[in-house]
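Q:
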Amino acid sequence: MDGRQRLSRLPQHLRLRGTPYRDPLDWAGTVAAMLAYEPAALIPQHGVPVVGASEVQKMLTDYHDAIAFVHDQTIRYMAYFETQ
């Protein structure tokens, strides 16, 4: 994960230029795998490094949860409107 994915915004899973689709569940799974390492620092490609295990844990957890929430709510509303 490089600095462009550093929690300042959610990743674009639907690419408008016709590039391959990015599965949000795969993306969230990658963030979960990063969390499993219990990193003490995260050095992005762009921006300021995040130092401190609790800071990194919070940032990655929030990022994972945000991606999962958007995915889950999208599926929820797709199912809801399909029955309308």
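Just so we're aligned: 24 in the working numbering is position 28 of the sequence shown, and the numbers increase by one with no gaps anywhere. Beta carbons are placed, not taken as given, at the ideal position from N, Cα and C, and that holds for glycine. Remember, predicted model here, so these are calculated numbers, not experimental data.
1. Give the secondary structure of Leu56 by DSSP, where H, G and I count as helix, E and B as strand, and everything else as coil.
2. Beta-carbon separation of His60 and Leu21 under 8 Å?
3. Alpha carbon to alpha carbon, how far is Ile71 from Phe65?
4. Might you give, ordered along the chain, the residues of its own chain that have their beta carbon closer than 7 Å to the beta carbon of Leu56, omitting 5 neighbours on each side?
5. Can you tell me whether Ile63 is buried or exposed? The criterion is at least 16 other CB atoms within 10 Å of its CB, across all chains shown.
A: In short:
1. Within the sequence shown, numbered from 1, the residue matching residue 56 stands at position 60. If DSSP states are grouped into helix, strand and coil, Leu56 belongs with the helices.
2. Locating residue 60 in the sequence shown gives position 64, where the first residue counts as 1. Locating residue 21 in the sequence shown gives position 25, where the first residue counts as 1. Not closer than 8 Å, so no.
3. Taking the sequence shown and counting its residues from 1, the one referred to as residue 71 is at position 75. Taking the sequence shown and counting its residues from 1, the one referred to as residue 65 is at position 69. Each residue's alpha carbon lies about 10 Å from the other.
4. By 1-based counting over the sequence shown, the position of residue 56 is 60. Result list for Leu56: Val27, Met30, Leu31, in chain order.
5. Stepping through the sequence shown from its first residue, residue 63 is reached at position 67. That one is buried.
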